[in-house]
Every structure is written in structure tokens, then in C-alpha cells.
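J.: These protein sequences, in sequence, are chains A and B.
Numbered per UniProt numbering, the first sequence spans residues 1 to 343.
Numbered per UniProt numbering, the second sequence spans residues 1 to 343.
All residues carry an ideal CB built from backbone N, CA and C; glycine is no exception.
Quantities reported herein were computed from a predicted structural model and do not represent experimental measurements.
2 protein chains.
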Amino acid sequence: MKTKLTTFSLIISGLLFMSQNAFAADKPYAIAIHGGAGTISKANLTPEQRQAYKDKLKEAVDKGSKILEEGGDSLVAIQAAINILENSPLFNAGLGAVYTYDGGHELDAAIMDGKTMNAGAIAGVRHIAHPIDLALAVMNKSEHVMLSGAGAEEFALAQGFTLVPNSHFDTDARYQQLLDAREKLQAAAKSEQVASVKMQDLDYKFGTVGAVALDKKGNLAAGTSTGGMTAKRFGRIGDSPVIGAGTYAENGVCAVSATGHGEFFIRYLVAGDICAKVKYQQKSIIQAADEVINQRLITAGGSGGVIAVDQRGNIATPFNTEGMYRATRSNGEPAQVLIWQDE
Amino acid sequence: MKTKLTTFSLIISGLLFMSQNAFAADKPYAIAIHGGAGTISKANLTPEQRQAYKDKLKEAVDKGSKILEEGGDSLVAIQAAINILENSPLFNAGLGAVYTYDGGHELDAAIMDGKTMNAGAIAGVRHIAHPIDLALAVMNKSEHVMLSGAGAEEFALAQGFTLVPNSHFDTDARYQQLLDAREKLQAAAKSEQVASVKMQDLDYKFGTVGAVALDKKGNLAAGTSTGGMTAKRFGRIGDSPVIGAGTYAENGVCAVSATGHGEFFIRYLVAGDICAKVKYQQKSIIQAADEVINQRLITAGGSGGVIAVDQRGNIATPFNTEGMYRATRSNGEPAQVLIWQDE
């Protein structure tokens with residue numbers, strides 16, 4: 001009898017254990033973040049700089065992961081992670097935004113909710129410390145998707161945002177990059193039209209930041225925030241605030257945030273194309289993202305990378321540049337923080 | 001002997017005829033244009049107005065078709081057709097652009113070359129008579145894809161464009177629409193936040209114009225030009241200049257130009273999604289466009305339509321509104337000019 005009881009209780013325990021595991025397996029969660037892709041030379045990054053990047057990426061991914069672990073929304077998790085990167089001068093977003101040709105800063109951002117397919121984006125704002133917050137406000141508080149320039153800031157004021165001076169985004173390191181870029185542009189201008197200068201020949205430090213997440217409720221979200229291209233002119237809008245290019249999320253399919261040479265990401269509809277391959281060709285997120293970044297974009301001459309997460313919490317982080325600052329974390333496992341392919 | 005010769009020459013003639021036909025069949029060409037979709041009530045359109053719309057649409061589609069027939073490029077054909085619509089006060093593009101909330105005009109446009117996957121787009125310009133021409137210049141003469149606001153006009157000046165005063169776009173009919181829209185917005189504002197007013201509740205005359213074409217060389221192109229939404233605020237950017245939303249072209253797949261409630265077209269990546277269904281699901285352009293416009297968008301609550309052409313010259317013109325001003329012409333056949341489903 002005792003044996004029978006023990007066997008019985010063992011079976012019950014086993015069933016309980018299995019059902020808990022099944023419960024847990026039904027509720028995966030995952031987050032991936034990036035801090036830009038580009039020609040990140042191992043030789044040019046000191047051990048201290050390397051550590052500083054990795055520490056900040058870890059702080060951001062841990063923050064987002066904790067929110068997800070506690071049952072929070074994917075939108076909340078990605079906003080929190082992006083805010084941390086916007087507050088760091090290491091990345092080309094918020095505080096560390098690059099300079100425009102005219103010596104100012106113009107920031108872009110977008111956020112998308114895979115559950116509702118709602119989205120908010122802003123382009124060319126000059127006085128918003130956390131552009132991702134304004135993108136979220138556009139999504140939640142306006143019936144528009146994309147606002148630009150001074151108009152977007154008028155909306156921000158109406159929503160109670162505090163504007164900061166454009167000099168808030170000034171940093172010595174970025175200013176030096178502007179001077180270098182201007183010099184190269186001016187040298188190139190002597191031989192050809194300024195308008196046709198190949199900006200991609202310049203050594204850009206693409207440092208756009210972004211995050212994608214799957215929460216325990218099964219909701220996907222994606223967000224991207226950037227200062228754009230160093231020495232950009234003419235009110236240039238890159239891929240970050242363009243839904244389907246630099247930012248996209250659709251429940252049941254995937255969430256993507258991109259970084260790189262934005263013009264190529266717009267033309268090739270990078271975020272949307274990755275999700276279309278998952279949705280219509282039943283490709284894995286790994287294969288879909290790899291085909292777009294490492295085949296299609298390379299053929300086209302477009303450099304950069306993406307972070308992507310699918311409905312089951314699988315994460316892809318392909319890039320066709322030397323490096324991409326990134327971190328990932330799934331289901332409470334330790335964070336993976338990487339800059340190059342292998343470290 | 002004579003019979004044999006005759007038989008022989010008949011066979012030769014037959015082969016020649018077949019090869020000519022095969023030649024012609026290998027070189028189809030087609031163009032479709034639209035002048036906006038919306039609540040176009042048959043009762044509210046006088047016979048004279050109806051004729052005026054149809055005449056202008058026919059003029060535009062004939063112009064584009066002639067260029068294609070003579071072996072011209074699809075890009076040239078769509079630009080010429082769109083210029084005619086931009087010059088007409090009947091449509092919400094160029095001369096007939098609607099008013100912003102503040103009583104001005106801000107125009108958007110985009111163009112995409114399916115052969116090179118190159119694209120040009122402008123958002124929020126105030127002094128460009130033919131926005132599609134500036135979008136083309138952005139594509140051909142800058143290394144950016146999307147320029148906005150005053151910066152885009154600085155680029156235009158550098159390219160030799162002549163700026164026109166914003167009052168160039170003033171028309172009495174559009175001003176009356178602004179007054180009506182403002183009144184409704186202000187009435188709504190008394191009961192709720194201005195920012196959350198449902199703009200879609202207003203009776204917009206969406207009048208965005210666009211064109212898609214396949215030329216004899218097999219190259220697809222798409223273009224869209226618009227004054228946006230009546231009473232738009234905050235530097236709102238709609239779907240027209242967003243590559244993959246309102247405008248998209250890819251050789252071998254399809255070319256799409258959209259018109260309607262732009263926010264939905266951005267969120268659902270309408271032009272890109274139609275092409276993805278053709279490319280990855282091997283759906284016909286008719287089925288792909290119908291699924292997006294008449295199934296997905298209707299479920300989401302997004303109103304509007306598209307014109308689309310595929311690599312063989314098949315044309316789809318679905319819309320989920322009462323009417324859509326449109327005209328199509330393929331392979332020298334007579335133009336089809338329609339406003340409602342059947343007439």
C-alpha cells in the first residue's frame with residue numbers, strides 16, 4: 001500500500017512537473033538589443049572601451065529581460081532597454097547622437113506593437129531626449145503613425161514632454177567625427193557634385209540602437225532610435241522610423257530592428273522582407289534574416305545588420321559588417337553580449 | 001510543284017506570323033493610374049464633374065501609354081502621367097493639394113524603379129509644384145532615399161528646381177474642405193483630447209494620385225504624389241512617401257501605388273505585402289491585391305485602394321471605398337476609365 005501510494009504520488013508529482021514545464025514552455029520570453037553595426041575594428045577598441053560597451057549592453061538587456069520575466073509587456077521591455085542606450089554617449093541615439101552637416105542633431109525613432117499592429121514614428125526631431133518615448137506617444141496618443149520635424153515637437157509639447165536644447169546631444173567624440181566627415185565630403189566635392197558624393201565611402205560609425213522582444217503573453221514588439229548618419233543633409237530620413245524598413249513587428253510572425261546603411265534598408269524593405277519570408281515561406285527567423293542580410297543586401301551593396309525574434313522566442317542577429325554591438329537573453333538564461341562574430 | 005511551293009510559303013508565313021506574335025507577347029506593356037479613393041457619391045458628382053475627372057484621367061493614362069508604346073521607360077511614363085494629375089486642381093496632389101490644419105500645404109511624393117530597386121521620396125515640401133519630379137531627383141541625384149521639409153527644398157534648389165509660393169496650391173474648393181474639417185475637429189475637441197480625435201471620422205476626399213507601369217523592356221516602376229490629409233498637423237507623414245507602404249516596385253514581382261487612409265497603409269505595409277504575396281506565395285496580382293485591400297485592410301478598418309501591375313502586364317485596381325478614380329491601358333488597347341466598381 002505504501003509503495004502504491006508512493007508510486008501514485010510520484011506519478012502525480014511527475015504530472016505536475018510536466019504540466020509546469022509545459023506551462024513554462026508555452027510562455028517563452030526573449031529580448032535582443034543592438035547598439036549599431038559597422039566597421040568596428042578590434043585593434044581600435046581598447047579593452048576598457050570594449051568593456052564599457054559590453055557593460056552598457058548588458059545593463060540594457062538585463063533591464064528588459066527582468067521586465068519580461070516578471071510578466072511585463074514587450075513594449076515596456078524594449079522601451080526600457082532603449083532608454084538606457086539613449087542615455088549613454090556610446091551609442092548614436094539620444095545623448096550620443098551624431099551631428100548633421102550643419103553641426104546640429106536630428107533624431108529619428110519608431111516603435112511597433114505586434115499585437116495591435118499599431119506603430120509610432122518620428123523623424124528629424126531636435127529637442128527630444130528620448131525619441132523612443134515620443135514614438136510611443138505618437139502610437140498611443142495620436143491617430144497618426146509618423147510625425148516629423150517641428151510639428152512632431154509641437155505634438156510632444158501638447159503631450160507634456162519637456163524639450164531639451166539641441167546642445168544636449170553635443171559630445172566631443174561625435175563632433176570630431178563630423179569634422180572628419182566634412183573634410184572628406186569637401187575633398188570629394190572638388191571632383192564631383194556634393195549631391196552625388198558617395199556617403200557610404202565615409203567611415204561611418206553606425207550606432208543606431210534598437211530592441212525586439214517577445215513577452216510571456218506572446219506579444220512581439222520592436223523599437224529603434226537613432227541620430228542618423230554623420231553629416232547628413234537635406235532633412236534626410238533613414239530607415240529607423242520607416243515601418244517595414246528599420247522597424248517592424250507582427251504577432252505570430254516576428255519583430256525586427258535594423259541598423260546600417262539606411263537607404264538600402266528602405267529600398268529592400270529589410271524588416272518587412274524578413275517577416276514576409278517567415279510568414280509566407282515558413283522560413284525560420286535565422287534563415288530569413290540571414291538571406292536578407294547576408295545574401296540580398298550584400299549583393300545590393302548594403303551594409304548593416306538586424307536583431308529579430310520570432311513567436312517562439314528564437315533570436316537571429318545577423319550582420320554583414322565587421323561587428324555589431326548586441327546582446328540577447330531568453331527565458332532567464334544568462335545574457336549573451338557580443339561585438340564581433342565570436343566575442 | 002506549285003502546290004508544294006505554296007504549302008512551303010504558307011508554312012514560312014505561318015512561322016513568321018507566330019514568331020512576330022511571340023515577339024509581341026514577349027513585350028507586353030501596361031499602365032495604371034489613380035486619382036484617389038474615398039466616399040465618392042454618385043449623387044454628389046454632376047455629369048460635368050464626372051466627365052471632367054474622366055477626361056483628365058484619360059489624358060494622363062494616354063500620355064503614359066504612348067510613351068510605353070514607343071518603347072519609353074516605365075519611369076518616364078509614370079512621371080508624365082502623374083505630372084498631368086499634379087497640374088489639375090481636381091486631385092489632391094500638386095495644384096489641388098489639400099490644406100494643413102494651419103492653412104498651408106505640405107506635399108509628399110515617392111518614386112521607385114523596379115529595375116535597380118532605387119527609390120526617391122520627399123515629405124512635407126511646401127514650394128515644389130511637381131513633387132514627383134523632386135522625388136525622381138532624390139532618386140537619381142542624391143545618395144539618400146528620403147528627404148524632408150526645408151532640407152528637401154534646399155536640395156531642390158541645388159538641383160535647379162524653381163520654388164513656387166505655398167499659395168500656388170490654394171484653391172477655393174480645398175479651403176472649404178479645411179473649414180469643414182476644422183469645424184468637426186473643434187467640435188470633437190470639446191469632448192476629448194485634440195490628439196485623439198478620430199480623423200477618419202471626417203469625410204476626407206482622399207485624392208492622392210499615382211501611377212504604375214510595365215515597359216517593353218520588362219521594367220516596372222511606381223510613383224505616388226499627394227497633398228496628404230485635410231487638416232493634418234504635427235508634420236504628419238502619410239504612406240505615399242513611405243517605400244513599401246504607399247509606393248513599391250520590384251522587377252519580376254510587381255509595382256504598386258496606394259491611396260487611402262495612409263496610417264493603415266504604413267502599419268500593414270500594403271504595397272510591400274502585396275508584392276510579398278506575389279513573390280513568395282506565387283499569388284496572382286489580382287488575388288494578392290484583393291487579399292490585402294478587401295480582406296486584411298477591411299478587418300483592420302483601413303479604407304482605400306491600390307493600383308498594381310505585374311511582370312506580365314496584368315493589372316489589379318482593388319479598393320474598399322465607394323469609389324476610386326482610375327484608368328488603365330495595356331498593349332495599345334483602348335483606355336478603361338472608371339470611378340466606381342462598374343462605371
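Out of A/V164, A/N83, A/S148, point me to the one whose CA is closest to A/G238's CA.
T.: Nearest option by C-alpha distance: A/S148.
J.: The ligand MG and A/N44: does any heavy atom of the ligand fall closer than 7 Å to the residue's C-beta?
T.: This structure lacks the ligand MG; in fact it carries no ligand of any kind.
J.: When the cut-off is 8 Å and only beta carbons count, does A/V242 lie next to chain B?
T.: It does: the Cβ of A/V242 has a partner Cβ on chain B nearer than 8 Å.
J.: Scan the segment 103-135 of chain A for residues whose Cβ lies nearer than 7 Å to a Cβ of chain B and list them as they occur along the chain.
T.: Hits within the stretch, in order: M117, N118, A119, A123, G124.
J.: What is the DSSP secondary structure of A/Y280, reduced to helix, strand or coil?
T.: Reduced to three states, the DSSP call for A/Y280 is helix.
J.: Show which residues of chain B have a CB atom less than 8 Å away from the CB atom of A/L147.
T.: Going along chain B in sequence order, the residues near A/L147 (Cβ under 8 Å) are F234, G235, R236, I237.
J.: Entirely within the segment 188-275 of chain B and at least 4 residues each: give me those alpha helix (DSSP H) ranges in chain order.
T.: List check, alpha helix (DSSP H) in window: 262-267.
J.: Quick one: give me the first and last residue of the beta strand (DSSP E) that B/Y325 is part of.
T.: That run of the beta strand (DSSP E) goes 323-330.
J.: Anything in the segment 151-178 of chain A with a Cβ closer than 8 Å to a Cβ of chain B? List those residues in chain order, please.
T.: Those would be G151, A152, E154, F155, A158, Q159, in chain order.
J.: Which residue from B/N44, B/I111, B/Q336 puts its Cα closest to that of B/L75?
T.: The shortest Cα separation from B/L75 among B/N44, B/I111, B/Q336 belongs to B/I111.
J.: Flag this pair as touching only if the segment 209-219 of chain B and the segment 28-43 of chain B have three or more C-beta atom pairs under 8 Å; answer yes or no.
T.: Taking 8 Å as the limit for Cβ pairs, the verdict is that the segment 28-43 of chain B does touch the segment 209-219 of chain B.
J.: Label B/D113 either buried or exposed according to how many other C-beta atoms from any shown protein chain fall within 10 Å of its C-beta, with 16 as the threshold for buried.
T.: It counts as buried.
J.: Between the C-alpha atoms of A/T299 and A/A52, what's the straight-line distance to the nearest angstrom?
T.: Cα-Cα distance, rounded: 34 Å.
J.: What residues are listed by DSSP as bridge partners for B/S148?
T.: The partner list for B/S148 (beta bridge, DSSP) reads B/A123.
J.: In the DSSP assignment, find the unbroken alpha helix (DSSP H) run with A/A60 in it and report its ends.
T.: Start and end: 47-69.
J.: CB-CB under 7 Å to A/I266, same chain, minus the five flanking residues each way: which ones, in chain order?
T.: Result list for A/I266: D239, V242, A245, in chain order.
J.: If we call anything under 8 Å between Cβ atoms a contact, is B/I82 one with B/I132?
T.: Result yes, Cβ atoms of B/I82 and B/I132 sit closer than 8 Å.
J.: Could you check whether A/I33 and A/A327 sit closer than 8 Å to each other, using their CB atoms as the reference points?
T.: Going by C-beta atoms, A/A327 is nearer than 8 Å to A/I33.
J.: Please tell me whether B/G304 and B/F206 are closer than 8 Å, where the distance is taken between their beta carbons.
T.: Cβ distance < 8 Å, so B/G304 and B/F206 count as in contact.
J.: Should A/I287 be flagged as near chain B, meaning a C-beta pair shorter than 8 Å?
T.: One point to set straight first is that residue 287 of chain A is Gln, not Ile, in the sequence displayed. Not closer than 8 Å to any Cβ of chain B, the Cβ of A/Q287 fails to qualify, so no.
J.: Near A/H130, which residues of its chain fall below 7 Å by C-beta distance, leaving aside the five closest residues on each side in sequence?
T.: Within the same chain, A/H130 has close Cβ partners N83, E86, G94.
J.: B/D310 bridges to which residues according to DSSP?
T.: DSSP output for B/D310 lists B/C254 as bridge partner(s).
J.: DSSP state of A/F155, grouped into three classes?
T.: Helix.
J.: For the segment 308-334 of chain B, which residues have a beta carbon sitting closer than 7 Å to at least one beta carbon of chain A?
T.: So nothing in the stretch comes that close.
J.: Confirm, please, whether the CB-CB distance from A/I78 to A/G223 is below 8 Å.
T.: Yes, these two residues count as a Cβ contact at 8 Å.
J.: Kindly indicate if chain B contains any beta-carbon less than 8 Å away from that of A/K198.
T.: Because A/K198 carries a pLDDT of 49, less than 50, the predicted location of this residue cannot be relied on, and no value is offered for it.
J.: I need the boundaries of the alpha helix (DSSP H) containing A/A80, first residue and last residue.
T.: Counting along the chain, the alpha helix (DSSP H) containing A/A80 begins and ends at 74-86.
J.: So that I know if they touch, is there some Cβ in chain A lying closer than 8 Å to that of B/N219?
T.: Chain A, which has no Cβ nearer than 8 Å to the Cβ of B/N219, makes this no.
J.: What are the residues of the segment 50-75 of chain B that lie near chain A, defined by any Cβ-Cβ distance shorter than 7 Å?
T.: Flagged: no residues at all.
J.: Name the residue from A/D73, A/G227, A/F319 whose alpha carbon lies nearest to the alpha carbon of A/V292.
T.: Cα-wise, what sits closest to A/V292 is A/F319.
J.: Could you work out which residues of chain D lie near A/E291, taking near to mean beta carbons separated by less than 7 Å?
T.: You won't find chain D in this structure, because its protein chains are A and B.
J.: Taking B/H144 as the reference, which of A/D310, A/I274, A/G262 has the closest Cα?
T.: With distances taken between Cα atoms, B/H144 lies closest to A/G262.
J.: Residues in its own chain within less than 7 Å of B/H168 by CB, not counting five upstream and five downstream?
T.: Excluding residues within five positions, the ones whose Cβ falls inside 7 Å are A129.
J.: Applying the 10 Å Cβ sphere with the 16-neighbour rule, what's the burial state of residue 365 of chain B?
T.: This structure cannot settle anything about residue 365 of chain B, because the visible part of chain B is limited to 1 through 343.
J.: Measure the C-alpha to C-alpha separation of A/L107 and A/L185 and round it to an integer number of angstroms.
T.: Whole-angstrom Cα-Cα distance: 21 Å.
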